[in-house]
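Protein chains: 2
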Amino acid sequence: MKIQNDLFLRAARGEKTERPPVWLMRQAGRILPQYRALRASLSGFKELVETPELACEVTIQPIDELGVDAAIIFSDILVIPEAMGLTYEMIKGKGPFFPQTIKTQADVDRMVTGMNAASELQYVYDAVSLTKKELNGRVPLIGFSGAPWTIFSYMIEGQGSKTFSQAKKMLYQNPALSHQLLQKITDATIAYLKTKIKAGVDLVQIFDSKKGVLTRKQYETFALPYIAQICDAIDEVPKTVFAKGAYFVLDKVGSLDCNVVGLDWNMDIKQSRDILGHDKVVQGNLDPCQLYGNPDDIRATTLQMLKDFGGKHICNLGHGVYPDTPLDNVKVFVDTVKGFKY
Amino acid sequence: MKIQNDLFLRAARGEKTERPPVWLMRQAGRILPQYRALRASLSGFKELVETPELACEVTIQPIDELGVDAAIIFSDILVIPEAMGLTYEMIKGKGPFFPQTIKTQADVDRMVTGMNAASELQYVYDAVSLTKKELNGRVPLIGFSGAPWTIFSYMIEGQGSKTFSQAKKMLYQNPALSHQLLQKITDATIAYLKTKIKAGVDLVQIFDSKKGVLTRKQYETFALPYIAQICDAIDEVPKTVFAKGAYFVLDKVGSLDCNVVGLDWNMDIKQSRDILGHDKVVQGNLDPCQLYGNPDDIRATTLQMLKDFGGKHICNLGHGVYPDTPLDNVKVFVDTVKGFKY
């Protein structure tokens, strides 16, 4: 089906566009009253993720309400460890929790991988197909996965952590076992993304949210090669890699075979351009907290950012939008980008 | 009193030393069985902080057990907000919690500052005097404070946070009030550090652990000027500034009037030297998780780090030592440094 507003895909492919496309990480979520109303009627977060009709509904809400240039399928990066054999719960006010974690060789051996894991996630592919149908070509649909190191961290720690010291302990104490698990995660992720693409997503984004805890050497050993495998395996659609806190390895992220590099708000636009080269398409990077400010400041800061990027740019925040962000301020952000011309 | 092992102070002043001095952030703590035994007999963390005899005892434990080249007075950065008027609790498995937080102008007006705040912390000065007496000149004693932005974050959030989005919201929504509170924190901190120095500490370290959440512009507006005020006000003893996650503003940290810059483990040694200049003394920066590894790896990585720094270096981890680090591995780290010669 022809996509009517293909601005996002043209920008991702590096084509010259009349203005940058705009969308927000976590745009399908608590900033929208229609999301909160639906969520309140459900048993929990996972019901939303696992019911294609509901995932479809909340994926499309921000397209209707905000008029953004791309949709992102409502899901969670932790569906992959679950498909591999570790179920998770989403605990209110605390976040994800895995009752069982990976400790031994037997634990790693037990994990399912490749298509055997990916085939557990039919509800995601159904949500994608349904959303493509309901979107009816209005805007492209983004699919996503976590980066293998990020998924690995959760499978070892069992929950969020300030330091991820237990996951790093595994890297130091058992590098061979760590590589085995990372490879299994990678193989499951590739099969998952390929099936998602068959179901209809137009671009895939890989989220590496736990990069900042690794040393450069660990990143080069345990993180980069597995993201590279994913990038190399996917050639059906454009790819975005967003490595939060990766300032210190941005040169390495830039060397991946991906179309777009996400930047968080710590990253200086000029410095990032110098590191990545001026031809790389970048995505980001307004501080999500800027949207707590007054509308005039939001407009001025957004316009300055658009000018500083100056092209080869997909506009977004430098992180997911925070749940308590005033919806009117989100609209000021989106409308400012949509009113801009290069 | 003459300090017998003054290696740490000579290195901090930029003098050429025969080897780098070594100490560990959080060396007085759970890695030591004698600390855990004492802690188990007490009502809580704050009893240890607020009882000079006990604070003195745990401050000296790592000097006896590990043979490190400096002691750091056992305390907490959150004594400052408490002295200003916001009491905190230390909740097991959760960390610090402030029942009341700063929301309005009236809240800021109510905060005590300068010597009126600093004079609330007599127990710290008593702990310093007693520790100096008990150390009897064996090694220098470090005093410390949090950086104003870090303290501000806790006073607004009331607890730890992944994003510190509420503290940042205050910066965006009420910059004038934010500056008032930051100035009050700064004035209290300067009075506190000066009184600590009078009580006997030989160097002060400023911990800025919440830098990574700010944009560069916010850092320049709300963080740097207040650390600069502290550095400019203290000239009695050498000063160390440790700004975790500050890679993206390391040039700015390097421009402060301080003797030593702390580096976390994300920071590449060569890149940091290039940014800071080769005359600046730096402290750090082994990944604390490296101490989970085997002794041979710890020795090899530590030696490589010492060679890479090559001088003008105080050896430490890139963050506080984690509580579950094997004590024998900590000793391997310390002994490797003590056996090294430039």
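Residue numbers (the numbering used here), protein chains in the order written: chain A, 83 to 424; chain B, 83 to 424.
Ideal Cβ positions, reconstructed from N, Cα and C, are used throughout, including at glycine.
Predicted model only: the values in this text are computed from it and were never measured.
- Nearest to A/Gln86 by C-alpha distance, out of A/Lys98, A/Asp191, A/Lys214, is A/Lys214.
- For A/Asp369, the chain B residues whose C-beta falls within less than 7 Å of its own C-beta are Thr297, listed in chain order.
- The closest CA to that of B/Glu302, considering only B/Tyr424, B/Lys326, B/Lys334, is found on B/Lys334.
- Per DSSP, B/Ala229 lies in no beta strand (DSSP E) and is assigned neither H nor E.
- Apart from sequence neighbours up to five positions away, the residues of its chain that approach B/Arg112 with a beta-carbon distance below 7 Å are Arg118, Pro405, ordered along the chain.
- Residues of the same chain with a CB within less than 6 Å of the CB of A/Leu212, apart from the 5 flanking positions on each side, are Pro134, Cys138 in chain order.
- Contact of A/Ser247 with chain B is assigned, a C-beta pair being separated by under 8 Å.
- For A/Asp290, there is no enclosing alpha helix (DSSP H); the residue is found in the beta strand (DSSP E) stretching over 285-290.
- Using a Cβ-Cβ cut-off of 8 Å, B/Lys292 does not count as an interface residue toward chain A, since no Cβ of chain A sits closer than that to its own.
- Interface annotation, B/Trp105: not in contact with chain A, CB-CB separation never under 8 Å.
- Positions of the beta strand (DSSP E) runs, each at least 3 residues long and wholly inside the segment 112-142 of chain B, cannot be given because no such run exists.
- When Cβ-Cβ separations below 8 Å define contact, A/Gln109 makes no contact with chain B.
- Boundaries of the alpha helix (DSSP H) around B/Phe415: 409-420.
- Neighbours of B/Gly375 in chain A, taken as residues at a C-beta separation under 7 Å, are given in chain order as Tyr254, Gln255.
- A Cβ of chain B is located within less than 8 Å of the beta carbon of A/Lys250.
- Residue contact with chain B for A/Gln365: absent (no Cβ-Cβ distance below 8 Å to any residue of chain B).
- Flagged as an interface residue toward chain B: A/Asn348, by a C-beta distance shorter than 8 Å.
- Between A/Leu168 and A/Gln182, the gap from beta carbon to beta carbon is short of 8 Å.
- A/Arg192 sits exposed, since fewer than 16 C-beta atoms from the chains shown fall within 10 Å of its C-beta.
- Rounded to the nearest angstrom, the gap between the Cα atoms of B/Gly228 and A/Ser291 is 27 Å.
- Among the residues of the segment 319-341 of chain A, those with a Cβ less than 8 Å away from any Cβ of chain B are Gly327, Tyr329, Phe330, in the order of the chain.
- Sixteen is the threshold: when 16 or more other Cβ atoms of the shown chains lie within 10 Å of the Cβ of A/Asp284, as they do, the residue is buried.
- Secondary structure at A/Gly282: coil, using DSSP grouped into helix, strand and coil.
- Nearest neighbour of A/Ile279 by Cα position, chosen from A/Phe226, A/Lys394, A/Asn398, A/Trp347, turns out to be A/Phe226.
- The three-state reading of DSSP puts B/Ala315 in helix, counting H, G and I together.
- In the assembly as shown, A/Asn341 is a buried residue. Its beta-carbon has 16 or more other beta-carbons within 10 Å.
- Between B/Lys326 and B/Lys362, the C-beta gap is not smaller than 8 Å, which leaves the two residues out of contact.
- When DSSP states are grouped into helix, strand and coil, A/Gln365 belongs to the strand group.
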